[in-house]
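Novice: In this note's numbering, the protein residues as written are 901 to 1432. We treat Cβ as the ideally placed atom computed from N, Cα and C, and that holds for glycine.
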Amino acid sequence: MIDFANLVEEIDKTNKTNQKVIALENFFKNASDEDKVWAIALFSSRKPKGVIKTSTLKVYAAEMAQIPLWLFEESYHIVGDLAETIALVVPESENDISPLNLTMLISELKQLKEFDEIEQKKYLINKWNHLNYYSKFLFNKLITGEFRIGVSQKLMTKALANVTGIDQDIIAYQIMGDWNPETVTFQQLILSPSKEDFIFKPYPFYLANSIDKELDELGDCSNWAYENKWDGIRAQLIKRNNEVMIWSRGEELISNQFPELIKMGDLLDNGTVIDGEILPFKDGKIKSFNDLQKRLGRKNIGKTTLKNNPVILKAYDLLEYDNLDIRDQNYFQRRKGLELIIKNLNNNNLQISESYKINSWSELKIAHSIARKNNSEGLMLKNKLSIYRVGRKRGDWWKWKVDPLTIDAVLTYAMRGHGRRANLFTDYTFGLWIDYNGNRELVTFAKAYTGLTDKEFKEVDKFIKKNTIERFGPVRSVKPELVFEIAFEGVANSSRHKSGVAVRFPRILRWRKDKNSNQANTIENLKSLINE
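1) Just the C-alpha distance for residue 963 and residue 1308, rounded to the nearest angstrom, thanks.
2) Would you identify the three-state DSSP class for residue 1377, choosing helix, strand or coil?
3) Along the chain, where does the alpha helix (DSSP H) that runs through residue 1239 open and close?
4) Assign residue 1216 to buried or exposed, taking buried as 16 or more other Cβ atoms, counted over all protein chains shown, within 10 Å of its Cβ.
5) Could you tell me whether the Cβ atoms of residue 929 and residue 1051 are closer together than 7 Å?
6) Starting from residue 941, trace the alpha helix (DSSP H) both ways and give me its first and last residue.
7) By Cβ distance below 6 Å, which residues in the same chain neighbour residue 1315 in space, the five residues on each side in sequence not counted?
8) Quick one: what does DSSP say residue 1429 is sitting in, helix, strand or coil?
9) By a C-beta neighbour count over all protein chains shown, 10 Å radius and 16 as the cutoff for buried, is residue 1177 buried or exposed?
10) Give every residue of the same chain whose Cβ lies closer than 8 Å to the Cβ of residue 1443, excluding the five residues on either side of it in the sequence, and list them in chain order.
11) Just to confirm my understanding: we take residue 1086, look at its own chain, exclude 5 residues before and 5 after, and list those with CB closer than 7 Å. What are they?
12) When the Cα atoms are used, what is the spatial distance from residue 1432 to residue 1344?
13) What would DSSP say about residue 1227, mapped onto helix, strand or coil?
14) Inspect the beta-carbon positions of residue 1253 and residue 1214 and report whether they are closer than 7 Å.
15) Could you tell me whether the Cβ atoms of residue 1230 and residue 1179 are closer together than 7 Å?
16) Give a yes or no on contact between the segment 1031-1051 and the segment 907-914, applying the rule of three or more CB pairs nearer than 8 Å.
17) Would DSSP call residue 1110 helix, strand or coil?
18) Residue 1159 lies in the alpha helix (DSSP H); which residues open and close that run?
19) Can you give the Cα-Cα distance for residue 1040 and residue 1237, rounded to whole angstroms?
20) Using the C-alpha atoms, what's the distance from residue 1256 back to residue 1088?
21) Would you mind sorting residue 974 into buried or exposed? The rule is 16 or more other CB atoms within 10 Å of its CB.
22) Report the three-state DSSP secondary structure of residue 1145 (helix, strand or coil).
23) When the distance is taken between beta carbons, is residue 1028 closer than 7 Å to residue 990?
24) First and last residue of the alpha helix (DSSP H) that includes residue 1359?
25) Just to confirm the assignment, what range does the alpha helix (DSSP H) spanning residue 887 have?
26) Thinking C-alpha only, which one of 1082, 1174, 1083, 1100 is nearest residue 1074?
27) Counting pairs of Cβ atoms below 8 Å between the segment 1188-1205 and the segment 1377-1394, do you hit three or more?
28) Bridge partners for residue 1402 per DSSP, in chain order?
29) Flag this pair as touching only if the segment 1106-1126 and the segment 1158-1174 have three or more C-beta atom pairs under 8 Å; answer yes or no.
30) Residue 1014 bridges to which residues according to DSSP?
Next comes the structure, spelled out in structure tokens:
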């Protein structure tokens, strides 16, 4: 516990990548194998579930700090992180005398679920009384199930590679998939995994960077191909040992969400891994991401859902063929294998994501300008000789997204921000005009909290404080006078929203000081952007 808390402290106190890697290396050199496995699990988003309700933790922490609950809530709002707030307000122990290692602590927390409320409170207070700040911070992160520390998986695999002498890409592959830190050993996971351990594992996904240079800087256009950049769920479909699995990019096993794709996968040969995008597809057309969301989070996918919201896998790469890892083959070779598989299978649920040659960079610009009409969110540029790499690597794959959709909206509500913006109103709600029986009203359509400069946030904050109409807890309604241009990635009809429309990833593009609120757009203007 102390060793891992010290690691968290070292990581927290530096912005230098090399220092973080060194701290990780020192931990992996000295920790027990059990703690190493749990550290790998935590840094790769395999965190344990929360044990005690956050509302209960707030009450206990306020009592122990001898402050009223409202003051704790205000402190939490300013800090922005519950685990950190508790660690700050609860008196600190000068010496961390907890004898537990990380593995033992997590085991204790699992048992804590079986305790009654009195026993849980006693346990918490005892722990908080005997932990220093960073141990307490770590303990709180684990007990809330919100373990997020400033370490990327890439840094962790680099440190493990340096300590073990195993190639970093191999380690990245070994920690993919569904494994349990309570049952797997460090030897099994990292040092000498058996072949059977890889049967159900996906490969690490290769991710593209946003293009940040002129097209002609990429060299001869004939060395490149382009595809549509689809707006769905990135996934790998795996067929091994007569089992079919679908893994999302977030390393979630999502097979049960898409039974029609599993049925299609049964027809593939063993030893096949396809990388692609799960897309909503009906009547010969790719539908919106909003339609795909209707398939997510359901325990059972019934016949009605399958009929009303069918999906396909748009395949754009082949990673394994005839039980052989072919990621080191070039893009052109992998595509030939993929095209052959899809042609022989002849199943509508598996479709090729077409790859196009580039005759000139000017021709590519034209293709980019009409990408949205194809229900794609841009283009992917891929070097024909590129291998399938691990993670986000520059040079061979680039994503070129279309410009976002935009609309002018009126600021209607505001909340204070978190962290350094805790004293400013920076979280905004926006409305668009709609006619109700001849009356013009503003209807909420989006919330956003990014896109303005610090100076602009302060200026808007000043307006909000002077022009508040009503207060609803932390929320203020304001005079509908300020207009902002809101950018978003997509728009779709939605029966769950009062506006009848849902937008994806809204953010503030700019403050339209040249417009008054009557000049803002309408809900009908927004609906006209829906690409049917």
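Specialist: Based on what the coordinates show:
1) Here residue 963 refers to the residue found at position 63 of the sequence shown. Here residue 1308 refers to the residue found at position 408 of the sequence shown. One C-alpha to the other measures close to 47 Å.
2) For the purposes of this step, residue 1377 is taken as residue 477 along the sequence shown, with counting starting at 1. It is a strand residue.
3) Stepping through the sequence shown from its first residue, residue 1239 is reached at position 339. Where residue 1239 is concerned, the enclosing alpha helix (DSSP H) stretches over 1231-1245.
4) As a first step, residue 1216 is located in the sequence shown; it is residue number 316 there, counting from the start. Buried, because 16 or more other Cβ atoms sit within 10 Å of the Cβ of residue 1216.
5) Position 29 of the sequence shown, counted from the start, is the residue given in the question as residue 929. Position 151 of the sequence shown, counted from the start, is the residue given in the question as residue 1051. Contact flag unset, no.
6) Your numbering for residue 941 matches position 41 in the sequence shown. Here the alpha helix (DSSP H) through residue 941 covers 933-943.
7) To locate residue 1315, count along the sequence shown from 1; it is residue 415. If we look at residue 1315 and ignore the five residues flanking it on each side, its Cβ neighbours are 1327, 1374, 1375.
8) As a working note, residue 1429 is residue 529 in the sequence shown. Residue state, collapsed to three classes: coil.
9) Taking the sequence shown and counting its residues from 1, the one referred to as residue 1177 is at position 277. Classification for residue 1177: buried.
10) This structure cannot settle anything about residue 1443, because the visible part of the chain is limited to 901 through 1432.
11) Numbered from 1 along the sequence shown, position 186 holds the residue referred to as residue 1086. 933, 936, 937, listed in sequence order.
12) Looking up residue 1432 in the sequence shown gives position 532. Looking up residue 1344 in the sequence shown gives position 444. Since pLDDT at residue 1432 reaches only 46, below the 50 mark, its modelled position is unreliable, and no value is offered.
13) As a first step, residue 1227 is located in the sequence shown; it is residue number 327 there, counting from the start. The answer is coil: DSSP assigns residue 1227 none of H, G, I, E or B.
14) On the sequence shown, position 353 is the one that residue 1253 refers to. On the sequence shown, position 314 is the one that residue 1214 refers to. Going by C-beta atoms, residue 1253 is nearer than 7 Å to residue 1214.
15) Your numbering for residue 1230 matches position 330 in the sequence shown. Your numbering for residue 1179 matches position 279 in the sequence shown. No, Cβ-Cβ distance for residue 1230 and residue 1179 is not below 7 Å.
16) yes
17) The count along the sequence shown starts at 1 and reaches residue 1110 at position 210. Three-state result, residue 1110: strand.
18) Locating residue 1159 in the sequence shown gives position 259, where the first residue counts as 1. Per DSSP, residue 1159 belongs to the alpha helix (DSSP H) from 1159-1165.
19) Position 140 of the sequence shown, counted from the start, is the residue given in the question as residue 1040. Position 337 of the sequence shown, counted from the start, is the residue given in the question as residue 1237. In a straight line, the C-alpha of residue 1040 is about 50 Å away from that of residue 1237.
20) To locate residue 1088, count along the sequence shown from 1; it is residue 188. To locate residue 1256, count along the sequence shown from 1; it is residue 356. The straight-line gap from Cα to Cα measures roughly 43 Å.
21) Your numbering for residue 974 matches position 74 in the sequence shown. The residue is exposed, with fewer than 16 neighbouring Cβ atoms inside 10 Å.
22) Residue numbering aside, residue 1145 sits at position 245 when the sequence shown is read from its first letter. In the structure shown, residue 1145 sits in a strand (DSSP, three-state: E or B).
23) As a working note, residue 990 is residue 90 in the sequence shown. As a working note, residue 1028 is residue 128 in the sequence shown. Yes; because the gap between Cβ atoms is below 7 Å, this pair is in contact.
24) Walking along the sequence shown from the start, residue 1359 turns up at place 459. Looking at the DSSP string, the run of the alpha helix (DSSP H) that includes residue 1359 is 1354-1366.
25) Look at the range of the chain in this structure, 901 to 1432, and you will see that residue 887 is not part of it.
26) Residue mapping note: residue 1074 aligns to position 174 of the sequence shown, counting from 1. When each option's Cα is compared against that of residue 1074, the closest is 1100.
27) yes
28) Numbered from its first residue, the sequence shown carries residue 1402 at position 502. Answer by DSSP bridge pairing, in chain order: 1392.
29) no
30) The residue given as residue 1014 occupies position 114 in the sequence shown. For residue 1014, which the question treats as bridged, DSSP gives no partner whatsoever.
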